[in-house]
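See below for the structure under consideration.
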Amino acid sequence: MIFKRTVIAGAKRHFCSNVKYVQGQSPAPKTREYFYYIDHEGMLFLDDARIKNFTSCFKEKKFLEFFFNRLRLNEGDRYREHFPFVSPCGRERNYVRCDDVPIVFTHVFRDAEGSERLAYAHAGELLNVPWDPKRVCMFPLSGRVYHPAPVRYGSIGLIRSKLAIELSKHFSFLNGEDQPPTHFTWNENKYELDRDWWKETYINQRGEPLE
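Using the working numbering, the first residue of the sequence shown is number 112, and each one after it goes up by one.
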């Protein structure tokens with residue numbers, strides 16, 4: 112399957128934190144490289160798009176499903192520092208950087224069996240994980256809310272701000288509001304939160320202050 116693109120940036124050169132690239136460059140025969148960016152709302156853009164908003168993001172749900180199903184940590188030698196994720200497609204390499212983490216959860220829904228799921232990547236309900244209210248975490252320092260994600264994405268995803276605001280109404284802070292929440296109430300059930308699971312994930316490995 113060949114990726115559909117709204118823009119082919121021929122010889123346009125882009126600079127990102129001292130890294131240079133050309134969209135569609137060919138470092139080896141029959142190999143092409145493209146560069147993408149994911150914002151804090153989970154929208155996917157070409158990295159060198161001058162304007163990044165809803166009108167310029169990728170919206171086709173089947174494309175997003177295809178792209179994110181192949182997304183994983185960049186464990187290769189090329190662009191690993193600046194583009195920590197990659198979505199390979201045959202000989203095509205699609206390098207990805209993000210505002211925070213590549214997976215952003217958009218909404219909770221019930222599947223055909225009645226189980227609650229958490230959708231991500233603006234692909235409707237094509238991409239989702241089981242919703243686990245015991246493992247929602249919020250860091251008072253940033254105010255951002257996270258939930259477990261598949262291992263290939265770094266084991267953690269960000270909950271988009273609109274949903275996070277709704278979920279935050281259900282947190283309890285028994286240790287004070289300057290500390291992470293201790294409990295979460297969902298569907299009239301009060302859960303004691305697992306406040307350590309995120310320590311084994313991508314965001315903790317970055318070495319940035321979180322709590």
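The beta carbon of each residue, even a glycine, is placed where N, CA and C say it ideally should be.
Since we're looking at a predicted model, the values are computed, not measured.
Here's the rule I'm using: 16 or more other beta-carbon atoms within 10 Å means buried, otherwise exposed. How should residue i be labelled?
i	result
Asp159	buried
Pro138	exposed
Asp188	exposed
Pro291	buried
Ser198	buried
Gln134	buried
Thr142	exposed
Asn185	buried
Arg116	Residue confidence is low: Arg116 scores 35 on pLDDT, short of 50, so the model does not pin down where it sits. Its coordinate-derived value is still stated next. Exposed: under 16 other Cβ atoms inside 10 Å.
Met112	Any reading at Met112 needs caution, since the residue's pLDDT is 36, under 50, leaving its predicted position unreliable; the model's value is listed next. Under this definition Met112 is an exposed residue.
Val207	buried
Glu224	exposed
Val215	buried
Phe126	Bear in mind that the predicted position of Phe126 carries a pLDDT of just 43, short of 50, making it unreliable; the figure below should be weighed with that in mind. Phe126 is exposed by the Cβ-count criterion.
Arg255	buried
Arg204	buried
Asp211	buried
Please report the Cβ distance between residue i and residue j, rounded to the nearest whole angstrom; I am assuming they are in contact, meaning their Cβ atoms lie under 8 Å.
i	j	result
Pro251	Asp289	6 Å
Pro213	Ile149	5 Å
Tyr313	Ile267	6 Å
Leu155	Phe178	7 Å
Leu229	His258	6 Å
Thr217	Gly153	6 Å
Trp309	Asn315	6 Å
For the beta strand (DSSP E) holding residue i, just list the boundary residues, first then last.
i	result
Glu176	Glu176 -> not in any beta strand (DSSP E); alpha helix (DSSP H) instead, spanning Lys172 to Asn180.
Arg189	Arg189 -> no beta strand (DSSP E), and no H or E assigned at all.
Pro199	Phe196 to Cys200
Glu203	Glu203 to Cys209
Arg317	It is not in any beta strand (DSSP E) - Arg317 carries neither H nor E in the DSSP assignment.
Lys131	Val130 to Val133
Glu144	Arg143 to Ile149
| field | Inside the stretch 222–271 only - beta strand (DSSP E) runs reaching at least 3 residues | value | 227–231, 239–241, 256–259 and 267–270
| message | As an exercise, report each continuous alpha helix (DSSP H) stretch of at least 4 residues that is fully enclosed by the stretch 266–315, in chain order. | response | 272–279
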